[in-house]
Amino acid sequence: MESEKLEYFRTILNEEMRTLLDEAGKTVSEMTSDSTPFPDPNDRATQESDRNFELRIRDRERKLINKIREALERIDDGSFGTCEVCGEEIGEGRLKARPVTTLCIDCKMEQERKEKHP
Numbered sequence: 001m002e003s004e005k006l007e008y009f010r011t012i013l014n015e016e017m018r019t020l021l022d023e024a025g026k027t028v029s030e031m032t033s034d035s036t037p038f039p040d041p042n043d044r045a046t047q048e049s050d051r052n053f054e055l056r057i058r059d060r061e062r063k064l065i066n067k068i069r070e071a072l073e074r075i076d077d078g079s080f081g082t083c084e085v086c087g088e089e090i091g092e093g094r095l096k097a098r099p100v101t102t103l104c105i106d107c108k109m110e111q112e113r114k115e116k117h118p
């Protein structure tokens, strides 16, 4: 892949990681600063439910951050944009839609087909 395109994807990945880390920081500060006592058990339960939901989202984002780091490593080692199954180049459109992908569209579709019909 051309160095210009690699830098384009590096910028996108770094920006997405920065955004995710900012959101994680906000969540931590909000959860540690919000110690409102609720006399009504229903209000407390709602707050706990909201926190659990927020933590599940942050866990998914943590996994995405790891994938972003791996994609940045692939840019550095020269394997970014190459399908890890068939070795073919991953289409630029697919990389723009999902820059952390490691599979070309054909291999991804085959993987999903196998998952659906084992």
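Positions 1 to 118 (UniProt numbering) are the ones given, in order, by the sequence shown. For glycine and all other residues, C-beta sits at the position ideal for the given N, C-alpha and C.
- The beta carbons of Met17 and Gly81 sit no closer together than 8 Å.
- By a beta-carbon distance limit of 8 Å, Cys107 does not contact Gly91. Their separation comes to about 12 Å.
- A direct Cα-to-Cα measurement between Ile75 and Gln111 gives close to 24 Å.
- Contact between Leu13 and Pro99 holds: their C-beta atoms lie close to 6 Å from each other, under 8 Å.
- Cβ-Cβ distances below 8 Å link Glu23 to Arg58, Glu61 in the same chain, with the five nearest sequence neighbours on each side left out; the list follows chain order.
- The three-state reading of DSSP puts Thr82 in strand, counting E and B together.
- Close CB contacts of Leu21 within its chain, under the 8 Å cut and outside five residues either way in sequence, are with Ile65 (chain order).
- Annotation for Thr32: the continuous alpha helix (DSSP H) segment containing it runs 3-33.
- For Glu48, the uninterrupted alpha helix (DSSP H) segment begins and ends at 41-77.
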